[in-house]
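**Q** Note that the protein sequences, when read in sequence, are chains A and B.
Those letters in the first sequence? Residues 0 to 204, by numbering that gives the first Met the number 0.
Those letters in the second sequence? Residues 0 to 192, by numbering that gives the first Met the number 0.
No residue lacks a Cβ here, since even glycine has one placed at the ideal position from N, Cα and C.
As the structure is a prediction and not an experimental result, all values here were calculated from the model.
First, the structure itself, so that you have it in front of you.
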Amino acid sequence: MAEKEYQRLTAMTGVAFVSRSSLWLGKDHLLSIDSNGYAETYKRFYFRDIQEITFMATRRRFIWNWFLGAPAAVFLALLLGSLPYKGSAGPNSNLGEIVLFGFLTAICVLPFLINNLLGPTCICHLRTAVQTEVLSSLNRLRRARKTLNRIRPFIAAAQGALSPEEIPARMRAAILSPAEATTATGASPVPPPATDRPDAPPVLS
Amino acid sequence: MSVSLIQCPACQAWLLEGVFSQTQMSPCPACGVRLQVEVFPALFHSRSIGRSSETIIVEGESSCFYHPQKKAVVPCQGCGRFLCALCDCELNGQHFCPACLDAGKNRGKIKSLENQRTLYDSIALSLAIYPLLIFYFTLVTAPMSLYVALRYWKAPRSIVRRTKIRFVAAIILALLQIGGWCALFVTLAIHHF
């Protein structure tokens, strides 16, 4: 059997018929697919071009927990209240209410459980030299980390590896003077200090 | 070397250390939002400057098809025309002229340039399924579904693996619906006359 051109990294996430996204692993690139069900838009991120991937924690899970948990608690209370107890007219006196509140509780509890089982939420940004894109299919931290672990070897194969200690030194070198940069990193001089330039970014002290 | 620094996505503050390539999330020094930043060597690569085409000095040198006064450096692998450094568009190790690149994209011949596809199989299946909710619509939508399925049978489907099962299901459902309507009309005709 011929080798598949793309391997699935994430399942479709998002709202059906509006916008759903998925991420696929290609030979030399990541393929992000945005779909509304009837058309697909593709974005390719070549491993050699990926500069940075950022996960930012969000409060979406917390918000959904409130949004689903509060009605679930109310319906559960109503369900418990409608259950037959000693001295009530009969075991099936509130059957309609039990079914209704049981159904409503299940509607809220099920997504509540799924929301918590999927783990913390995040937003993933992928940056190249010319763009910063949000990968909306990586909206859960656990899934995002799993995906990152899967693609890291491919990026390392395309670009080489970079140790975590090396990064701050290189960052500093980018904003220090050429002489200081040479002293700090032992690397070749960098362009004039960014802080002297009128368009230089603000620097955290 | 032109290194662009990394910003916190929440507060846009420049990040210098503490959050890079950690296994766990770390707070942004400015706003405290929890971040995990994975940095790759491409961030520190110098940006290559685009090549400029050379002017022909020696008479008789092969020239660019689009710029006759410029020196040809490579032939287009689509049409064979000679191209100068300015007109040479490299894609996955192949060299194309802008016209071939455009044609390849429009005709879907260069797969890596495709950025959109219409999913006719999903359209056909939707036309066969959703109108069943209001059955009368199927009188119109069933033939439409059949037409879409047959017309676009060979059209490219999703770029990732996808079978023709949707087309097959749409055709079967559409034929069943058309058959049902035919049976209804025949029955009505028999009763009427």
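When the distance is taken between beta carbons, is A:Glu4 closer than 9 Å to B:Val159?
**A** For the purposes of this step, residue 159 of chain B is identified with residue 160 of the second sequence, where counting begins at 1. For the purposes of this step, residue 4 of chain A is identified with residue 5 of the first sequence, where counting begins at 1. Yes.
**Q** Identify whether A:Asp33 lies in helix, strand or coil by the three-state DSSP scheme.
**A** For the purposes of this step, residue 33 of chain A is taken as residue 34 along the first sequence, with counting starting at 1. Here A:Asp33 sits in strand by DSSP.
**Q** Pull up the CB-CB distance for B:Ala71 and B:Cys63, whole angstroms please, since I reckon it's below 8 Å.
**A** By 1-based counting over the second sequence, the position of residue 71 of chain B is 72. By 1-based counting over the second sequence, the position of residue 63 of chain B is 64. With 8 Å as the limit, B:Ala71 and B:Cys63 qualify as a contact, their Cβ atoms being about 5 Å apart.
**Q** From A:Ala180 to A:Arg151, what does the alpha carbon distance come to, in whole angstroms?
**A** Here residue 180 of chain A refers to the residue found at position 181 when the first sequence is read from its first residue. Here residue 151 of chain A refers to the residue found at position 152 when the first sequence is read from its first residue. Because A:Ala180 carries a pLDDT of 47, less than 50, the predicted location of this residue cannot be relied on, and no value is offered for it.
**Q** Hey, is B:Glu16's beta-carbon within less than 9 Å of any beta-carbon in chain A?
**A** If you number the second sequence from 1, residue 16 of chain B lands on position 17. Closer than 9 Å to some Cβ of chain A, the Cβ of B:Glu16 qualifies, so yes.
**Q** Please state whether DSSP places A:Tyr41 in a helix, a strand or coil.
**A** As a working note, residue 41 of chain A is residue 42 in the first sequence. Reduced to three states, the DSSP call for A:Tyr41 is strand.
**Q** Does the count of Cβ pairs from the stretch 63-72 of chain A and the stretch 102-119 of chain A closer than 8 Å reach three?
**A** Here the stretch 63-72 of chain A makes contact with the stretch 102-119 of chain A; the two share three or more CB pairs at distances below 8 Å.
**Q** Establish whether the CB of A:Gln50 and some CB of chain B are separated by less than 9 Å.
**A** On the first sequence, residue 50 of chain A is found 51 positions in, with the first residue counted as 1. Using a Cβ-Cβ cut-off of 9 Å, A:Gln50 counts as an interface residue toward chain B, since at least one Cβ of chain B sits closer than that to its own.
**Q** Using CA atoms only, rank isn't needed, just tell me which of B:Leu131, B:Asn91, B:Ala123 is closest to B:Ile164.
**A** By one-based count along the second sequence, residue 164 of chain B stands at place 165. Residue B:Ala123 is the option with its Cα nearest to B:Ile164.
**Q** For A:Leu78 and A:Gly101, which I take to be in contact (beta-carbon distance under 8 Å), what is that distance rounded to the nearest angstrom?
**A** Residue mapping note: residue 78 of chain A aligns to position 79 of the first sequence, counting from 1. Residue mapping note: residue 101 of chain A aligns to position 102 of the first sequence, counting from 1. With a Cβ gap of about 6 Å, A:Leu78 and A:Gly101 count as contacting.
**Q** Would you grab the beta carbon distance between B:Gly103 and B:Pro155 for me? Rounded to a whole angstrom, and I think it's under 8 Å.
**A** As a working note, residue 103 of chain B is residue 104 in the second sequence. As a working note, residue 155 of chain B is residue 156 in the second sequence. That pair is no contact at about 14 Å.
**Q** For A:Met55, does the three-state DSSP call read helix, strand or coil?
**A** Translated into the one-based positions of the first sequence, residue 55 of chain A becomes position 56. Three-state result, A:Met55: strand.
**Q** Could you tell me the alpha carbon to alpha carbon distance between A:Thr12 and A:Asp27, rounded to whole angstroms?
**A** Residue numbering aside, residue 12 of chain A sits at position 13 when the first sequence is read from its first letter. Residue numbering aside, residue 27 of chain A sits at position 28 when the first sequence is read from its first letter. Taking the straight line joining both Cα atoms gives about 23 Å.
**Q** In this structure, how does DSSP classify B:Trp13 when only helix, strand and coil are distinguished?
**A** Position 14 of the second sequence, counted from the start, is the residue given in the question as residue 13 of chain B. Looking at B:Trp13 - three-state DSSP - the assignment turns out to be strand.
**Q** For the pair the stretch 52-64 of chain A and the stretch 115-135 of chain A, tell me if three or more CB-CB distances fall below 8 Å.
**A** yes
**Q** At what residue ranges does the stretch 122-175 of chain B contain a whole run of the alpha helix (DSSP H), taking only runs of 4 or more?
**A** Restricting attention to alpha helix (DSSP H) runs no shorter than 4 residues, the stretch 122-175 of chain B encloses them at 137-150, ordered along the chain.
**Q** Taking only beta carbons into account, state which residues of the stretch 114-125 of chain B come closer than 7 Å to chain A, listed in chain order.
**A** Asn114, Gln115, Arg116, Thr117, Leu118, Ser121, Ile122
**Q** I'd like to confirm the pairing. Which residues does DSSP put opposite B:Leu90 in its beta bridges?
**A** Here residue 90 of chain B is taken as the residue at index 91 of the second sequence, counted from 1. B:Leu90 pairs with B:Gln93.
**Q** Counting only Cβ-Cβ distances shorter than 7 Å, please list the residues of the stretch 151-169 of chain A near chain B, keeping chain order.
**A** Ile154, Gln158, Gly159, Leu161, Pro163, Ile166, Pro167, Arg169
**Q** Looking at the strands, I want to know which residues DSSP matches up with B:Pro26.
**A** Taking the first residue of the second sequence as position 1, residue 26 of chain B is located at position 27. Paired residues: B:Arg33.
**Q** Could you tell me whether any Cβ in chain B is nearer than 9 Å to the Cβ of A:Leu29?
**A** Here residue 29 of chain A refers to the residue found at position 30 of the first sequence. By this cut-off, A:Leu29 is not an interface position.
**Q** Shortest alpha-carbon distance to A:Gly159 belongs to which of A:Leu29, A:Arg47, A:Ala15, A:Leu112?
**A** Here residue 159 of chain A is taken as the residue at index 160 of the first sequence, counted from 1. Closest by alpha carbon: A:Arg47.
**Q** May I ask which residues mark the beginning and end of the alpha helix (DSSP H) holding A:Glu96?
**A** Looking up residue 96 of chain A in the first sequence gives position 97. That run of the alpha helix (DSSP H) goes 94-116.
**Q** CB of A:Leu134 to nearest heavy atom of the ligand NAD: below 8 Å?
**A** This structure simply doesn't include the ligand NAD, nor any ligand for that matter.
**Q** Please classify B:Ser51: is it buried, with 16 or more other beta-carbons within 10 angstroms of its beta-carbon, or exposed?
**A** Taking the first residue of the second sequence as position 1, residue 51 of chain B is located at position 52. When all chains shown are included, B:Ser51 counts as exposed.
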